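Shown next, in structure tokens, is the structure this report addresses.
Protein chains in written order, with my numbering: chain A, 1035 to 1112; chain B, -18 to 362.
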């Protein structure tokens, strides 16, 4: 199981709840166990993406500095 | 057209309306003057002070009327910090306080003081261990809300008061959301300073309450003024103050029956919303909470769009979400709790709210949430 993102979802410049919506739309695009990276410069994402993982049963791996905003890593669990 | 935002502002209580009009006739003079008109105004002001103080378990000379609840917090905290400057410059607040407290903390920090912002659990309840560890004899003051304004969680104020008293540190309690809703007694809470706001309990806007207990070291930081025992500058809005007192008296007389009436309606919203809407979280403490307020967050929905759409359908609520607002920052309360900051709706009931209003809400919200999700093409994900 790799921690390297299999897919990057770029939501830079988009406000909440768009980053979470985009993540929900694309989580199914990767294999179970793979990682989706969401790029976001919206402050709400650092709260709402971990909460989305808790509510939907996926695994939040953490947020990492990016060139713009942050990269939030989510592992698909099911 | 249900108005379900009583926690922002309650409509003027009918008892207050009558007193307000009468006080414009009888209470327009300067209450500090010795002539007949002044004495009449003074009698009204004294009566209002005695009444509000009595209802909050304070002495009349401990109570000051201010121009708003926010002002009461600003000068209440500033005076406490000034009075304790020799003991220390460390202020302890919870992370979910009203912005008036957090902004006061920022000012204190900018002036060279230090601030600890104590975290909360997912229910919004302050971390008692972290709070106890943060409070030392060198702590200048602690500020903790009685109940949270966004999610209704009632804080363990008495426990924190005990921890404060053990080391001789004064406690400010922001009771803006609790007065008139749950019992508020300064002594029982163990508050050194207590603040509240009249328009939350059905009084007119523009009246705040500041209680400074006897023996508490408190020093005004504003230019000297003889009004309100030197605690709050300027002429009080006497008709509004008299009306605020009448409203509080009336609301507290009704409160037992109102709680009995409203609590089951809130319980119904808490039970039905998750049953009727998928991917929704009811937030706030399920047990220790205000009886008239419920908050929930809907995944994939812009909270402000939700409020606007509900308004279009005749239902007035508020939201802690600010996806499109100019502030850009998510609600500090929801963030500190670690719950969804988007799709948030706060429903607060009050006098005049009926069971039919609640049924209307329960019918309309799932529709509106569904439509908003459909337009974002996320329904069923």
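All C-beta atoms in this analysis are idealised placements derived from N, C-alpha and C, irrespective of residue type, glycine included.
Values in this document were obtained by computation on a predicted structure and should not be read as measured data.
In this structure residue 1102/A is exposed. Its beta-carbon is surrounded by fewer than 16 other beta-carbon atoms within 10 angstroms. At least one beta carbon of chain A lies nearer than 7 Å to the beta carbon of residue 316/B. Within the DSSP secondary-structure output, residue 239/B pairs in no beta bridge.
Partner residues in the beta bridge of residue 327/B, as assigned by DSSP, are 276/B, 299/B. From the listed residues 259/B, 179/B, 298/B, the smallest Cα separation to residue 37/B is found for 179/B. When 9 Å is used as the limit between beta carbons, residue 230/B is near no residue of chain A, the shortest such separation being about 42 Å.
Counting of Cβ neighbours within 10 angstroms places residue 169/B among the exposed residues, the total staying below 16. Taking the Cα positions, residue 183/B is about 12 Å away from residue 333/B. Residue 329/B places its beta carbon less than 7 Å from that of residue -13/B. Here residue 148/B is exposed. Its C-beta has fewer than 16 other C-beta atoms within 10 Å. For the options 106/B, 338/B, -8/B, 123/B, the alpha carbon positioned closest to that of residue 72/B is the one of 123/B. With its beta carbon less than 7 Å from one in chain A, residue 322/B belongs to the interface.
Neighbours of residue 282/B in chain A, taken as residues whose beta carbon is under 7 Å from its own, are 1051 in chain order. Residue 185/B carries a coil assignment under DSSP once its states are collapsed to helix, strand and coil. At a cut-off of 3 residues, the continuous stretches assigned as beta strand (DSSP E) that sit fully inside the segment 132 to 201 of chain B are 152 to 155, 174 to 178, 189 to 193. The beta carbons of residue 131/B and residue 326/B sit no closer together than 7 Å. At least one CB atom of chain B sits nearer than 7 Å to the CB of residue 1081/A. Looking at the backbone, the Cα of residue 62/B and that of residue 157/B are separated by about 20 Å. Beta bridge pairing from DSSP links residue 264/B with 276/B. Judged by beta-carbon spacing, residue 45/B lies beyond the 7 Å limit of residue 239/B, meaning their Cβ atoms are not closer than that value. For residue 1078/A, a Cβ of chain B is located within less than 7 Å of the residue's own Cβ.
Beta-bridge partners assigned by DSSP to residue 1105/A: 1073/A, 1098/A. Secondary structure at residue 1093/A: strand, using DSSP grouped into helix, strand and coil. Under the Cβ criterion of 7 Å, residue 1055/A is counted among the residues facing chain B.
Taken in chain order, the members of the segment 245 to 261 of chain B whose beta-carbon sits within less than 8 Å of a beta-carbon on chain A are 260. Taking all protein chains shown into account, residue 66/B has fewer than 16 neighbouring C-beta atoms within 10 Å of its C-beta and is therefore exposed. The Cβ of residue 357/B sits closer than 7 Å to at least one Cβ of chain A.
Of the residues assessed, residue 1110/A falls on the buried side of the cut-off, its CB having 16 or more other CB atoms within 10 angstroms.
Fully contained in the segment 60 to 131 of chain B are the following alpha helix (DSSP H) runs of length 4 or more, in chain order: 80 to 91, 109 to 115. If you compare the alpha carbons of 221/B, 233/B, 273/B, -10/B with that of residue 245/B, the shortest gap goes to 273/B. Around the beta carbon of residue 316/B, a 10 Å sphere encloses 16 or more other beta carbons of the protein chains shown; the residue is thus reported as buried.
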